[in-house]
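Numbering (the numbering used here), first residue to last: 2 to 351. Even glycine gets a Cβ: it sits at the ideal position worked out from N, Cα and C.
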C-alpha cells in the first residue's frame, strides 16, 4: 500500500517520484542517521568527505516532505479497508524484521511484540504520524475543497509562519519541533492540496525551471551549511520544517508532476515502496543498516565506501519490494477468505 490515496490509474510520473523520495530517505539515513554531522574539526581533517556528506544531505533531505506532499497532492480518501491493509503491512514487516534480527543475533529482541505493534516511542515515527494524518484527512479535504482561495492562502500563511517561528527558528514548542509531528504533516498536506487545486503562479513554471529551483536549493544547502559548520552552526537548515527544505520539496514535486509517461514497472515499484522504509528503519534492523554504513565509513576508502553503501541501498530496496509482493498475495488471500465467509453467511438458511 502506498502512502497516498490510491487512484484507479496510477500516474507513473508521481509513482516515480515516490520511488525517488524513498531512495532519498535511504540516503539520508545512511548519512546523518548513521554518521555524525561533521563539525569544524572533522571538516579540517577531511574536507572532501565532509563536503560530500553535506552535498548528500542537501539533495536528499526533501524526501520525507515530498512523501507527505504527494498524499496532499491527490488527497487521501480514508477507507477502513485501506487503513486495515496499511496496518497489516506494518505488522507483516514487523514480524519479518523480527525474524531477520533473530537470525542475525541468535536471540529474541526485548519488547518484541510491542515493537511489532509500534507501541514503543521510537517505533516507526513516520507511520504513526501518517496514520494520524490519514484519520484527519476528511477534515483537511473539506477545508481545501470548500474554503475560498483567499481563506486558504490566509490560513497557510499563518500556520507556516507559526511553524517556522516556533517549531524551526526558535524551537520553542516541543510538539512541533523539527517537523516530526502531525501538525507539520497537516501543513504540508494542505500546501500540496492548495497547489494542485488552485495552481498559483509559483507552480506554473516550466518543468526545467522547477528542476533548476530544486537543484539550486540543494546547492544552497550544501554550500551554506558547509561554511556554517566551520563554526558548528547550520543544523537547523536540515530540519523537515526548514523553509529551505520545504521549497526544495515543492519544486521536486512540481517537476515530476509535469512529466508524462506510463510505466508498469514504475507503478509496480511505487505500490510497494513503503516496505523499504518498514525494513531499513525497523527498530529491529536499523542498527544493522546504520552499523554497516559506519563500519565502511571508518574502515574503507571513500570510493569503496560509496560503492558499498550504494550496493546496500539497492539490495535493501529491491529485497523489500519483493517481500512486499508476498505480503500483497497474503492480503489478497485474506480478503478472499473474508469475502467467501461473508457470502456463505449471507446465503445460509435462517
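Cβ-Cβ separation, residue j to residue i (assumed contact under 8 Å), whole Å
i           : j           : result
residue 94  : residue 217 : Not quite, the Cβ-Cβ distance comes to about 37 Å (not below 8 Å), so this is no contact.
residue 241 : residue 176 : Incorrect: roughly 14 Å between the Cβ atoms, too far for contact.
residue 63  : residue 249 : 4 Å
residue 256 : residue 211 : 4 Å
residue 110 : residue 96  : Not really, about 12 Å apart at Cβ, beyond 8 Å.
residue 1   : residue 67  : Residue 1 is absent from the model: the chain starts at 2 and stops at 351.
residue 300 : residue 38  : About 20 Å separates the two Cβ atoms, so there is no contact after all.
residue 91  : residue 274 : About 14 Å separates the two Cβ atoms, so there is no contact after all.
residue 74  : residue 207 : Going by Cβ atoms, the distance from residue 74 to residue 207 rounds to 19 Å, so no, they are not a contact pair.
residue 162 : residue 286 : With 8 Å as the limit, residue 162 and residue 286 do not qualify as a contact, their Cβ atoms being about 39 Å apart.
residue 282 : residue 121 : Not confirmed; about 13 Å, so no contact.
residue 191 : residue 141 : 6 Å
residue 213 : residue 70  : With 8 Å as the limit, residue 213 and residue 70 do not qualify as a contact, their Cβ atoms being about 19 Å apart.
residue 145 : residue 195 : 7 Å
residue 290 : residue 127 : About 15 Å separates the two Cβ atoms, so there is no contact after all.
residue 322 : residue 276 : 6 Å
residue 50  : residue 303 : 6 Å
residue 60  : residue 219 : 4 Å
Same chain only: Cβ atoms within 8 Å of residue i, ignoring 5 sequence neighbours per side
i           : result
residue 129 : 119
residue 232 : 41
residue 117 : 92, 95, 96 and 99
residue 298 : 35, 36 and 306
Neighbourhood of residue i by C-beta, 7 Å cutoff - its chain only, sequence neighbours within 5 removed
i           : result
residue 135 : 77, 79 and 84
residue 56  : 223
residue 387 : For residue 387 there is no data in the structure shown, the boundaries of the chain being 2 and 351.
residue 178 : 168 and 172
residue 238 : 222, 225, 226 and 245
residue 112 : 121
residue 357 : Residue 357 falls outside the range modelled here, since the chain spans only 2 to 351, and no answer is possible.
Residue-level contact to chain C via CB, residue i, 8 Å cutoff
i           : result
residue 155 : The structure shown has no chain C; it contains just one protein chain.
Distance cut-off 7 Å: residue i Cβ against heavy atoms of the ligand MG
i           : result
residue 323 : Absence of the ligand MG from the depicted structure is noted, as is the absence of any ligand whatsoever, leaving it without description.
Own chain, CB closer than 6 Å to residue i, minus 5 neighbours either side, in chain order
i           : result
residue 7   : Caution is warranted here: a pLDDT of 42 is assigned to residue 7, below 50, making its placement in the model unreliable, and the coordinate value is therefore given only provisionally. Contacts found: none.
residue 338 : none
residue 10  : none
residue 5   : Since pLDDT at residue 5 reaches only 44, below the 50 mark, its modelled position is unreliable, and the value read off the structure follows with that caveat. Hits under 6 Å: 71, 72 and 75.
Touching or not, the region 292-307 and the region 27-39, by the rule of three or more beta carbon pairs under 8 Å? Flag = yes, the region 292-307 and the region 27-39 touch.
Do the region 13-23 and the region 247-264 meet, that is, are 3 or more Cβ pairs less than 8 Å apart? Touching, yes.
Touch check for the region 315-324 and the region 19-32: three-plus C-beta pairs under 8 Å? These segments touch.
In chain order, which continuous runs of the alpha helix (DSSP H) of length 4 or greater are located wholly inside the region 134-178? Listed in chain order, the complete alpha helix (DSSP H) runs (minimum 4 residues) inside the region 134-178 are 150-163.
Which residue spans inside the region 196-251 form an unbroken alpha helix (DSSP H) run of at least 4? Counting whole runs of 4 or more residues, the region 196-251 contains the alpha helix (DSSP H) stretches 208-229.
Stretch pair the region 329-338 + the region 41-53: three plus CB contacts closer than 8 Å: Touching, no, given that fewer than three Cβ pairs across the two stretches are closer than 8 Å.
Any chance you could list the alpha helix (DSSP H) runs of at least 4 consecutive residues sitting entirely within the region 277-313, in chain order? Segments of the alpha helix (DSSP H) lying fully in the region 277-313: 287-300.
Whole alpha helix (DSSP H) runs in the region 64-120 with 4 or more residues, listed along the chain? As summarised for the region 64-120, the continuous alpha helix (DSSP H) elements at least 4 residues long and confined to that stretch are 64-75, 81-106 and 113-117, given in chain order.
Runs of alpha helix (DSSP H) lying entirely within the region 14-56, each at least 4 residues, in chain order: DSSP runs (the alpha helix (DSSP H)) wholly in the region 14-56: 41-46.
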